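Participant: These protein sequences, in sequence, are chains A and B.
Heads up: the first sequence is residues 15 to 255, going by my numbering.
Heads up: the second sequence is residues 15 to 255, going by my numbering.
There are 2 protein chains.
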Amino acid sequence: MPGAKSAARPAARQAKPLVSKRAEQSERTRARILDVAEDLLGQHGFYGTTIRQVAQLADVDTALLHYYFDSKQGLFDAVFLRRATIINSERLDALNKYEKKAGGNIALEGVIEAFLDPVLEWIAKGGKGWRNYFAILAQVNATPNWGTGVMVKYFDPVIHRLIGLVQKTLPDADPVDLYWAYHNLSGALTLTLGTTGRIDRLSNGLCRSDDVEALRPRMIVYAVAGFRAVCVPQPKKRKTR
Amino acid sequence: MPGAKSAARPAARQAKPLVSKRAEQSERTRARILDVAEDLLGQHGFYGTTIRQVAQLADVDTALLHYYFDSKQGLFDAVFLRRATIINSERLDALNKYEKKAGGNIALEGVIEAFLDPVLEWIAKGGKGWRNYFAILAQVNATPNWGTGVMVKYFDPVIHRLIGLVQKTLPDADPVDLYWAYHNLSGALTLTLGTTGRIDRLSNGLCRSDDVEALRPRMIVYAVAGFRAVCVPQPKKRKTR
DNA sequence: GTCTATAACTGGATAGAC
DNA sequence: GTCTATCCAGTTATAGAC
């Protein structure tokens with residue numbers, strides 16, 4: 015059960031002279047371990063990854079992993095946290111910036127773009143590290159009983175901000191509709207994050223799951239139309255609920 | 015790496031008298047093991063589930079699991095296969111039936127409904143067994159390097175059939191657009207399959223991830239609008255590709 | 001068919017030397 | 001900080017009795 019305890023960050027960097035060569039080296043080792051762990055976790059998940067594999071690939075001993083991260087769970091949490099803070103503060107910034115820029119006439123399309131773009135840009139230009147990270151995220155998203163810890167603290171605020179802004183563009187929307195519309199968007203984004211190559215095979219090479227150029231405009235258009243259709247009360251429509 | 019070898023189905027049922035009490039009992043044991051495995055695999059994934067846990071919960075010995083399913087992989091494959099055949103032949107039937115019924119004026123909404131309804135009905139009325147199964151499916155979908163074996167054989171034909179029918183309702187659609195639109199739908203469906211309870215917490219209880227009544231109409235409306243927006247060439251739109 | 005017993009190995013974790 | 005050595009619980013899997 016990933017996501018239980020929190021990471022331990024021990025004595026590394028206790029401000030010795032100014033830039034202790036030692037601490038610098040240590041920080042690089044730490045980063046290397048995280049990179050390797052990210053890779054393996056993205057490919058095989060939490061249980062499918064062993065700290066022995068991580069240690070071997072990072073060219074250190076397993077004991078060192080425990081020294082830095084305390085436990086396997088601590089390592090996972092550290093991996094998860096490292097980019098969670100980055101991506102979510104970026105998304106929050108993008109949404110805030112868009113709201114300010116749009117001023118009075120805020121548009122649904124602009125909101126969706128601001129929400130998606132930071133992630134899509136990292137997929138496109140972030141290299142292996144970010145792709146591995148998003149693969150982990152995709153798996154976490156598909157795992158039952160998730161919503162504790164890191165997820166709640168870093169990801170939820172962005173989503174609530176998104177929904178709040180969408181609500182401004184669709185003032186008559188029922189909150190229930192808004193959440194379900196978001197559910198559709200979230201699923202699409204999660205599948206995109208995985209870059210599992212599934213669409214590549216399905217389309218016989220016509221589409222590539224890491225082709226952000228092709229994916230982005232279609233994802234936005236699809237979501238904008240979907241949100242509008244679900245959230246704008248059409249008189250002829252059912253009122254099931 | 016799940017999905018490598020195939021399941022072994024040994025001596026069970028070699029047509030003794032007519033209905034050997036023995037074979038009947040055996041079949042029930044077999045089913046019970048599959049049920050338990052389904053449960054655990056849905057919660058913890060392939061590596062997170064041990065055959066000891068399965069054996070204990072099914073109230074048999076681990077040796078019996080190997081007798082029936084040969085290996086852990088064989089057990090997983092058997093679990094995966096059992097309902098894969100059912101759900102996909104149902105979906106194929108539903109699509110065929112809709113096409114025949116609609117005749118000349120086939121509608122996008124009808125196609126999407128036919129594609130989604132078998133799954134949604136099993137989520138709503140299939141009980142724990144189907145929900146566990148879909149949870150496994152959601153995890154498999156989020157795992158890199160999937161598309162071999164069972165997935166290709168049972169799931170892909172349905173998707174190609176879906177896309178073929180959608181194409182009939184949107185004759186001018188670019189195949190690339192069609193596949194990317196499907197990508198959006200597939201992600202939403204996968205997230206729905208997981209019933210992870212994420213939307214429950216996000217919406218503070220307003221929505222429940224297993225509330226098919228609420229989810230179904232919104233999912234259909236969202237997808238129909240999305241497909242149309244992506245696939246119908248609008249003159250004012252970009253032609254990035 | 002089902003279970004006992006056990007082989008053969010891998011997992012996470014730690015104490016202690018350097 | 002980093003590695004050696006080691007513990008031991010837990011893993012899949014199998015041979016063989018009943």
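Note that the Cβ used here is the ideal one computed from N, Cα and C, for glycine as well.
As the structure is a computational prediction, the values presented were derived from the model and not from experiment.
Mind checking THR183 (chain B): buried by the 16 CB within 10 Å criterion, or exposed?
Facilitator: As a position in the second sequence, residue 183 (chain B) is number 169, starting the count at 1. Under this definition THR183 (chain B) is a buried residue.
Participant: Counting along the chain, where does the alpha helix (DSSP H) carrying SER200 (chain B) start and finish?
Facilitator: For the purposes of this step, residue 200 (chain B) is identified with residue 186 of the second sequence, where counting begins at 1. 189-208 is the extent of the alpha helix (DSSP H) around SER200 (chain B).
Participant: Does DSSP put ALA243 (chain A) in a helix, a strand or coil?
Facilitator: Taking the first residue of the first sequence as position 1, residue 243 (chain A) is located at position 229. Looking at ALA243 (chain A) - three-state DSSP - the assignment turns out to be helix.
Participant: Could you tell me the alpha carbon to alpha carbon distance between SER85 (chain B) and GLU52 (chain A), rounded to whole angstroms?
Facilitator: Taking the first residue of the second sequence as position 1, residue 85 (chain B) is located at position 71. Taking the first residue of the first sequence as position 1, residue 52 (chain A) is located at position 38. One C-alpha to the other measures close to 29 Å.
Participant: Here's a check: name, in chain order, each residue in its chain whose Cβ is nearer than 7 Å to the Cβ of ARG66 (chain A), leaving out the five neighbours to either side.
Facilitator: For this step, residue 66 (chain A) is matched to residue 52 along the first sequence. Taken in chain order, the residues that qualify are THR76.
Participant: Spell out whether any CB of chain B is found under 8 Å from the CB atom of ARG242 (chain A).
Facilitator: Here residue 242 (chain A) refers to the residue found at position 228 of the first sequence. Yes, ARG242 (chain A) lies at the interface with chain B (some Cβ there is under 8 Å from its Cβ).
Participant: Excluding the 5 residues preceding and the 5 following ASN102 (chain B) in the sequence, name in chain order all residues of the same chain whose CB lies nearer than 8 Å to its CB.
Facilitator: Counting from 1 along the second sequence, the entry for residue 102 (chain B) is found at position 88. Excluding residues within five positions, the ones whose Cβ falls inside 8 Å are TYR168, PHE169, PRO171, VAL172.
Participant: For SER20 (chain A), collect the residues of the same chain with a Cβ closer than 7 Å to its Cβ; drop the 5 residues on either side in sequence, then sort them by chain order.
Facilitator: Walking along the first sequence from the start, residue 20 (chain A) turns up at place 6. Note on SER20 (chain A): pLDDT 43, under 50, position unreliable in the model; no value is reported.
Participant: From what residue to what residue does the alpha helix (DSSP H) around GLY178 (chain A) run?
Facilitator: Against the first sequence, residue 178 (chain A) aligns to sequence position 164. Taken as a continuous stretch (DSSP letters only), the alpha helix (DSSP H) holding GLY178 (chain A) covers 170-183.
Participant: Would you grab the beta carbon distance between GLU126 (chain B) and VAL246 (chain B) for me? Rounded to a whole angstrom, and I think it's under 8 Å.
Facilitator: Within the second sequence, the letter at position 112 stands for residue 126 (chain B). Within the second sequence, the letter at position 232 stands for residue 246 (chain B). Before going further, note that residue 126 (chain B) is Ile rather than Glu in the sequence given. So it is not a contact: roughly 15 Å between Cβ atoms.
Participant: Strictly under 8 Å for the Cβ-Cβ distance: is TRP160 (chain A) near chain B by that measure?
Facilitator: For the purposes of this step, residue 160 (chain A) is taken as residue 146 along the first sequence, with counting starting at 1. By this cut-off, TRP160 (chain A) is an interface position.
Participant: In chain A, which residues lie with their C-beta within 9 Å of the C-beta of ASP191 (chain B)?
Facilitator: Within the second sequence, the letter at position 177 stands for residue 191 (chain B). Under the 9 Å cutoff, chain A gives ARG232.
Participant: From the DSSP output, in three-state form, read off ALA322 (chain A) for me.
Facilitator: The structure shown has nothing for residue 322 (chain A), since chain A only spans 15 to 255.
Participant: Please tell me whether ASP75 (chain B) has its Cβ less than 8 Å away from any Cβ of chain A.
Facilitator: On the second sequence, position 61 is the one that residue 75 (chain B) refers to. No, no contact with chain A.
Participant: Going straight from the alpha carbon of ILE150 (chain B) to that of ASN146 (chain A), what length do you get?
Facilitator: Position 136 of the second sequence, counted from the start, is the residue given in the question as residue 150 (chain B). Position 132 of the first sequence, counted from the start, is the residue given in the question as residue 146 (chain A). Rounded to whole angstroms, ILE150 (chain B) to ASN146 (chain A) spans 21 Å at the Cα level.
Participant: Taking the C-alpha atoms as reference points, what is the distance between HIS227 (chain B) and ASP131 (chain B)?
Facilitator: Taking the first residue of the second sequence as 1, we reach residue 227 (chain B) at position 213. Taking the first residue of the second sequence as 1, we reach residue 131 (chain B) at position 117. Contrary to the premise, residue 227 (chain B) reads as Glu rather than His in this sequence. Approximately 11 Å between the Cα atoms of the pair.
Participant: Between TYR236 (chain B) and ILE234 (chain A), what straight-line distance do the alpha-carbon atoms span, to the nearest angstrom?
Facilitator: Walking along the second sequence from the start, residue 236 (chain B) turns up at place 222. Walking along the first sequence from the start, residue 234 (chain A) turns up at place 220. When rounded, the distance between both Cα atoms is 13 Å.
Participant: Please classify PRO249 (chain A): does DSSP put it in a helix, a strand, or coil?
Facilitator: Walking along the first sequence from the start, residue 249 (chain A) turns up at place 235. Coil, per DSSP.
Participant: Using the beta-carbon count (16 or more within 10 Å), is ASP191 (chain B) buried or exposed?
Facilitator: Working through the second sequence from its first residue, we reach residue 191 (chain B) at position 177. The residue is buried, with at least 16 neighbouring Cβ atoms inside 10 Å.
Participant: Is DSSP giving ILE120 (chain B) helix, strand or coil here?
Facilitator: In the second sequence, counting from the first residue as 1, residue 120 (chain B) sits at position 106. In this structure, ILE120 (chain B) counts as coil in the three-state DSSP scheme.
Participant: Say whether the region 197-210 of chain B touches the region 187-206 of chain A, bearing in mind that this needs 3 or more beta-carbon pairs closer than 8 Å, one atom from each stretch.
Facilitator: The answer is yes - the region 187-206 of chain A touches the region 197-210 of chain B, with three or more Cβ pairs under 8 Å.
Participant: Return the residue from the list B:TYR81, B:HIS58, B:PHE148 that minimises the CA-CA distance to THR43 (chain B).
Facilitator: Taking the second sequence and counting its residues from 1, the one referred to as residue 43 (chain B) is at position 29. The residue with the shortest Cα to Cα distance from THR43 (chain B) is B:TYR81.
Participant: In chain order, what residues of the same chain have a beta carbon less than 6 Å from the beta carbon of ASP224 (chain B), not counting five sequence neighbours either side?
Facilitator: Here residue 224 (chain B) refers to the residue found at position 210 of the second sequence. Excluding positions up to five away in sequence, the list reads THR209.
Participant: Examine chain B for any beta-carbon lying closer than 8 Å to the beta-carbon of VAL65 (chain A), and answer yes or no.
Facilitator: Within the first sequence, the letter at position 51 stands for residue 65 (chain A). Going by the sequence as given, residue 65 (chain A) is Ile instead of Val. Judged by the 8 Å Cβ criterion, ILE65 (chain A) is not in contact with chain B.
Participant: Determine the DSSP secondary structure at ARG97 (chain A), reduced to helix, strand or coil.
Facilitator: As a first step, residue 97 (chain A) must be located in the first sequence, where it is residue number 83. The answer is helix: DSSP assigns ARG97 (chain A) an H, G or I state.
Participant: Of all Cβ atoms in chain B, is any one closer than 8 Å to the Cβ of TYR61 (chain A)?
Facilitator: In the first sequence, the residue the question calls residue 61 (chain A) occupies position 47. Closer than 8 Å to some Cβ of chain B, the Cβ of TYR61 (chain A) qualifies, so yes.
Participant: Buried or exposed, going by whether 16 or more other CB atoms sit within 10 Å of the CB of GLY141 (chain A)?
Facilitator: One-based indexing of the first sequence puts residue 141 (chain A) at position 127. Under this definition GLY141 (chain A) is an exposed residue.
Participant: Using a beta-carbon distance cut-off of less than 7 Å, what residues from the region 88-105 of chain A approach chain B?
Facilitator: For the region 88-105 of chain A, which is checked against every Cβ of chain B, not one residue is closer than 7 Å.
Participant: Just the C-alpha distance for ALA26 (chain A) and VAL93 (chain A), rounded to the nearest angstrom, thanks.
Facilitator: Within the first sequence, the letter at position 12 stands for residue 26 (chain A). Within the first sequence, the letter at position 79 stands for residue 93 (chain A). Here ALA26 (chain A) scores only 45 on pLDDT, less than 50, and its place in the model is too uncertain to base an answer on.
Participant: Within the 8 Å Cβ cut-off, does SER85 (chain B) reach chain A?
Facilitator: Position 71 of the second sequence, counted from the start, is the residue given in the question as residue 85 (chain B). So no, SER85 (chain B) is outside the interface.
Participant: Is the region 56-66 of chain A touching the region 107-127 of chain A in the sense that three or more CB pairs, one from each, lie closer than 8 Å?
Facilitator: No, the region 107-127 of chain A does not touch the region 56-66 of chain A.
Participant: Among A:SER34, A:LEU122, A:ALA45, A:LEU78, which has the Cα closest to the Cα of ILE177 (chain A)?
Facilitator: Numbered from its first residue, the first sequence carries residue 177 (chain A) at position 163. The shortest C-alpha separation from ILE177 (chain A) is found at A:LEU122.
Participant: Which residues, in order along the region 114-127 of chain B, keep a beta-carbon less than 7 Å from a beta-carbon of chain A?
Facilitator: Of all residues in the region 114-127 of chain B, none has a Cβ within less than 7 Å of some Cβ in chain A.
Participant: What residues from chain A crowd round ARG222 (chain B), counting only those whose CB sits closer than 7 Å?
Facilitator: For this step, residue 222 (chain B) is matched to residue 208 along the second sequence. By Cβ distance, chain A contributes nothing, its closest Cβ being about 10 Å from ARG222 (chain B), past 7 Å.
Participant: Answer with buried or exposed for GLY124 (chain A), where buried requires no fewer than 16 other C-beta atoms within 10 angstroms of its C-beta.
Facilitator: Counting from one through the first sequence, the residue named residue 124 (chain A) turns up at place 110. GLY124 (chain A) should be labelled buried.
Participant: Report yes if the C-beta distance between LEU48 (chain A) and ARG96 (chain A) is below 8 Å; otherwise report no.
Facilitator: For the purposes of this step, residue 48 (chain A) is identified with residue 34 of the first sequence, where counting begins at 1. For the purposes of this step, residue 96 (chain A) is identified with residue 82 of the first sequence, where counting begins at 1. Yes, these two residues count as a Cβ contact at 8 Å.
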